[in-house]
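Q: Sending over a structure as structure tokens; questions will come in a sec.
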Amino acid sequence: MSESNPVLWQPSASIENLQLRAQVLSQVRNFFTEREVLEVDTPVLARGGSTDPYLDSMQSRCDGGGVAEAVDLYLQTSPEFHMKRLLAAGSGPIWQLARSFRNGEYSERHNPEFAMLEWYRPGFDLPMLMEEVRQLLTDVLGDLACEQVRYRELFQRYLQLDPFSSNLEELQLSAQQKTAIDARELDRDACCDLLLSHEIEPHLGKESLTFVFDYPASQAALAKVHLDEQGDQVASRFECYYQGIELANGYHELTDADEQNKRFQQDNVMRQALGKPEVTVDASLVAALAAGMPECAGVALGFDRMLMLRAGAEKLAEVISFAIDRA
Numbered sequence: 042m043s044e045s046n047p048v049l050w051q052p053s054a055s056i057e058n059l060q061l062r063a064q065v066l067s068q069v070r071n072f073f074t075e076r077e078v079l080e081v082d083t084p085v086l087a088r089g090g091s092t093d094p095y096l097d098s099m100q101s102r103c104d105g106g107g108v109a110e111a112v113d114l115y116l117q118t119s120p121e122f123h124m125k126r127l128l129a130a131g132s133g134p135i136w137q138l139a140r141s142f143r144n145g146e147y148s149e150r151h152n153p154e155f156a157m158l159e160w161y162r163p164g165f166d167l168p169m170l171m172e173e174v175r176q177l178l179t180d181v182l183g184d185l186a187c188e189q190v191r192y193r194e195l196f197q198r199y200l201q202l203d204p205f206s207s208n209l210e211e212l213q214l215s216a217q218q219k220t221a222i223d224a225r226e227l228d229r230d231a232c233c234d235l236l237l238s239h240e241i242e243p244h245l246g247k248e249s250l251t252f253v254f255d256y257p258a259s260q261a262a263l264a265k266v267h268l269d270e271q272g273d274q275v276a277s278r279f280e281c282y283y284q285g286i287e288l289a290n291g292y293h294e295l296t297d298a299d300e301q302n303k304r305f306q307q308d309n310v311m312r313q314a315l316g317k318p319e320v321t322v323d324a325s326l327v328a329a330l331a332a333g334m335p336e337c338a339g340v341a342l343g344f345d346r347m348l349m350l351r352a353g354a355e356k357l358a359e360v361i362s363f364a365i366d367r368a
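Residue 42 is where the sequence shown starts when you use my numbering, and the numbers rise one by one after that.
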């Protein structure tokens, strides 16, 4: 290796931040121990992957070693599917800090390999889970004020636009004017995501934790759907922001196996339309839902992002031992 291009062997995080990481993990573990939530450990590799059209999984091929056939496996984008199988098997409330992988995600706030803090609470509804998220973040980040706001209200506040009643052309025009990105071929969700990320998210959580809820039903993913006060179908999910950073995504979890399988198939149709490869549906999750998963609420929280805020760091790499460029 030439002197002009030396090997970066040193960690991307300081030793002080690695010590802080261990301290925060201890806080999190105590938080769940006190609440009698079981810590679990699930596989990184699985035969099924995330069909989400806007997530790209990494894959690996496992040689059977002469005993079994070789099989293509997906590195999990989150531990959700395995954890739901544990819930269906009767685990009760569970949590874990899991290694998760998402291809193509690398920026100051993203790393292709990252730590996802995820937990599930049978018997909880969304308000109960939002309160528990607030308690955890208060433990880690200090006393924080908190606000809850509907998705629709944010678009009305910052864009004078209703994401439910506006037609597609209005959304495309607004997205193009606000972001200078060609939005003429984008669908409703893509336009809303563009407006949310560019025009709304930077304002969220400036002075307090901000919980956004009642997303459009088309953005339900693995959440239940219900009618809001204005009679529109909305997803039973929330996202939590602090200082403009998305920290957590929570659902009142879908338990209907047929509906879940239908959504997986629809995802793959959309992936094809986007020119992306189909992803093998996780048949084991569908079978677990059919066997009976308890009504519950669950949330995925970006542990590295939370730690970045606690450390006062500007980049995720500052709190990860070896970011991808040094892995």
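Note that CB positions come from ideal geometry on N, CA and C, so glycine has one too. These numbers were taken from a predicted model, which means no experiment stands behind them.
1. Thinking C-alpha only, which one of 59, 303 and 282 is nearest residue 244?
2. On the three-pair Cβ rule with 8 Å, is the region 285-304 touching the region 330-342?
3. What is the DSSP secondary structure of residue 364, reduced to helix, strand or coil?
4. If you check the beta carbons only, do residue 256 and residue 275 fall under 9 Å apart?
5. Given this structure, state the Cα-to-Cα distance separating residue 81 from residue 213, to the nearest angstrom.
6. According to DSSP, is residue 335 helix, strand or coil?
7. Please classify residue 74: does DSSP put it in a helix, a strand, or coil?
8. Let me confirm a value: residue 156 is counted as buried when at least 16 other C-beta atoms fall within 10 Å, else exposed. Which label applies?
9. Does DSSP put residue 290 in a helix, in a strand, or in coil?
10. Quick one: give me the first and last residue of the beta strand (DSSP E) that residue 274 is part of.
11. Taking the beta strand (DSSP E) that residue 161 belongs to, which residues open and close that run?
12. Taking just the CA atoms, how far does residue 114 sit from residue 179?
13. Suppose only complete runs of 3+ residues qualify. What are the beta strand (DSSP E) ranges in the region 131-207, listed by chain order?
14. Per DSSP, what kind of secondary structure is residue 243 in: helix, strand or coil?
15. Applying the 10 Å Cβ sphere with the 16-neighbour rule, what's the burial state of residue 137?
16. In terms of residue numbering, what span does the beta strand (DSSP E) encompassing residue 112 cover?
17. Would residue 142 pass as a contact of residue 325 if the rule is Cβ separation under 9 Å?
18. Would you list the residues sitting across from residue 80 in a DSSP beta bridge?
19. What does a CB cutoff of less than 8 Å around residue 169 pick up in its chain, not counting 5 residues either side in sequence?
A: Taking the structure as given:
1. Counting from 1 along the sequence shown, the entry for residue 244 is found at position 203. Measuring from the Cα of residue 244, the nearest candidate turns out to be 282.
2. yes
3. The residue given as residue 364 occupies position 323 in the sequence shown. In this structure, residue 364 counts as coil in the three-state DSSP scheme.
4. Numbered from its first residue, the sequence shown carries residue 256 at position 215. Numbered from its first residue, the sequence shown carries residue 275 at position 234. In contact: residue 256 and residue 275 (Cβ atoms closer than 9 Å).
5. Here the question's residue 81 lines up with position 40 in the sequence shown. Here the question's residue 213 lines up with position 172 in the sequence shown. Those two C-alpha atoms are separated by around 44 Å.
6. Locating residue 335 in the sequence shown gives position 294, counting from the first residue. Here residue 335 sits in coil by DSSP.
7. Counting from one through the sequence shown, the residue named residue 74 turns up at place 33. In the structure shown, residue 74 sits in a helix (DSSP, three-state: H, G or I).
8. For the purposes of this step, residue 156 is taken as residue 115 along the sequence shown, with counting starting at 1. When all chains shown are included, residue 156 counts as buried.
9. As a working mapping, residue 290 is identified with position 249 in the sequence shown. Three-state DSSP puts residue 290 in a strand.
10. Taking the first residue of the sequence shown as position 1, residue 274 is located at position 233. 274-283 is the extent of the beta strand (DSSP E) around residue 274.
11. In the sequence shown, residue 161 corresponds to position 120, counting from 1. Note, residue 161: beta strand (DSSP E), 154-163.
12. Residue 179 sits at position 138 when you count from the first residue of the sequence shown. Residue 114 sits at position 73 when you count from the first residue of the sequence shown. Answer to the nearest angstrom: the Cα atoms are 38 Å apart.
13. 135-142, 154-163 and 187-191
14. Numbered from 1 along the sequence shown, position 202 holds the residue referred to as residue 243. DSSP places residue 243 in helix when its eight states are reduced to three.
15. Within the sequence shown, residue 137 is the residue found at index 96, counting from 1. When all chains shown are included, residue 137 counts as buried.
16. Residue 112 sits at position 71 when you count from the first residue of the sequence shown. Looking at the DSSP string, the run of the beta strand (DSSP E) that includes residue 112 is 112-116.
17. Translated into the one-based positions of the sequence shown, residue 142 becomes position 101. Translated into the one-based positions of the sequence shown, residue 325 becomes position 284. No, the pair does not count as a contact, with Cβ atoms beyond the cut-off.
18. By one-based count along the sequence shown, residue 80 stands at place 39. Answer is 136, bridged to residue 80.
19. If you number the sequence shown from 1, residue 169 lands on position 128. Once the five neighbours on either side are set aside, the close Cβ partners of residue 169 are 162 and 338.
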